[in-house]
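Comments concern the structure below.
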Amino acid sequence: TPVVAPTNAPVVAPTNAPVVAPTNAPVVAPTTPAPVAAPISSRDQEIQAKCDVSAIDRSAALTLIASTVSPLADLNDPSSSRYQALDWITNVDPALLCPTPSNRIAQRYRAAQLYFHMGGEEWTKCGRNSVTCVRNDDDKSLRDPLPWLTMDNECLWFGLRCIDVPPPPPAIDSNDTVLAVDNTVTPDDHYEWDVIELPANNLVGEWPAELFTMSNLRALAMDGNGRISGSIPTTISNLRQLEFLDVDSNALTGTLPDELWENTNLLVLDLNDNQFTGTVSGELANLRQLNVLQLEFNQFTGTIPTAALFVLERLVALTINDNEFTGSVEEICAVVDERQVDFEIYLTYFHVDCNSDPQKVECSCCLCFPQ
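Residue 1132 is where the sequence shown ends in this note's numbering, and the numbering goes up by one at each step.
If you want it as structure tokens, here you go:
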């Protein structure tokens, strides 16, 4: 049977009909989404609500205030304690202080800068990560201290005191009657800072220059830290209210500046166990109210300023042993008994190097060193 032969019918040929030509109608272009405003943080919202300024405007105002205390260049240097303090007050401090009054900001900035400048993160007591704080004394008129860099008023931070801060509740009068007074101390309240008392707390490094712009400071006690270095600056004379300077047992060096003797309200000058050098000026006589002068265990040289010491009739403690002083204090010995009639504790402690070989200091009324 024959197979079916292929036919000669042509296959369907492609047509010449044109494909659909592109039109000139414009294609709808994709739309660009409208910019979305960045979300405002809850902190920024709180700043706006409390201070009636934006967070950006507040930041600029705080920087301007800090620049009246510290050099602007350092406020822009992330490695500096000044930058760290300003950054903390601006972006971290839960107190959210408003830019006015400016002295309120300036004081809190100084406190934060002291903390960062002198190694606050490594302090043995009451750094910002401390759980509890213990006061240095048993004075019940003072509030219990709080760690540094909390939202609380800095006048309540450990080692700081301010003028006219209300006593801790309850307030009582001399008849033990509870007084109806407001004992609240808020972060926004401003009290002038007048006492810094941070002994044996692992403070380290040199003092910040800002410390010596605190004209109301009455007491500066940083004794026993061991690693406070540098020298006493000439700007010490800015502290005209200073009554108590206790910085013994550190690593301070250099000579005592002449400006130190301008602090005529000083009652206590405690500089022992450092590495001070040079002589002690006769301008010491300006400190007529001085009760305590402790200079032992330094590297002082020269003649004891006996004439200056003679006029300090309220001295209770004069300890200048273990130095390289020379001379005689017999002029003072001659009036000890007479002065103790009116001031019983005059020169209760009088220590000099009168037991050395050869004898460096002549004194018949002293406790002689070395013993």
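Note that beta-carbon positions come from the ideal geometry of N, C-alpha and C, so glycine has one too.
As the structure is a computational prediction, the values presented were derived from the model and not from experiment.
The residue among D1031, N1026 and G991 with its C-alpha nearest the C-alpha of L1013 is G991. Contact between V830 and A867 holds, with the beta-carbon distance rounding to 5 angstroms and staying under 8 angstroms. For F1111, the uninterrupted beta strand (DSSP E) segment begins and ends at Y1110 to V1113. Assigned with DSSP and collapsed to three states, D1031 falls in strand.
Taken through DSSP and simplified to helix, strand or coil, L836 comes out as helix.
When DSSP states are grouped into helix, strand and coil, T885 belongs to the coil group. Boundaries of the beta strand (DSSP E) around T1064: Q1060 to T1064. In this structure, the CA atom of S841 is about 18 angstroms from the CA atom of F973. Nearest to C859 by alpha-carbon distance, out of L917, S815 and R1075, is S815. Residues of the same chain with a CB within less than 6 angstroms of the CB of Y1107, apart from the 5 flanking positions on each side, are R1100 and Q1101 in chain order. In this structure I924 is in contact with D955, their Cβ atoms being roughly 5 angstroms apart against a cut-off of 8 angstroms. Inclusion of N986 and K886 in the CB contact set at 9 angstroms is not warranted, their separation being larger than that value. Per the DSSP secondary-structure output, A1012 pairs with nothing in a beta bridge. With contact defined as three or more Cβ pairs closer than 8 angstroms, the region 997–1007 and the region 1018–1037 are in contact.
One Cα belongs to N890, the other to E882, and the distance between them is close to 8 angstroms. According to DSSP, F1071 shares a beta bridge with no other residue.
Between the C-alpha atoms of L981 and M975 there is a straight-line separation of about 11 angstroms.
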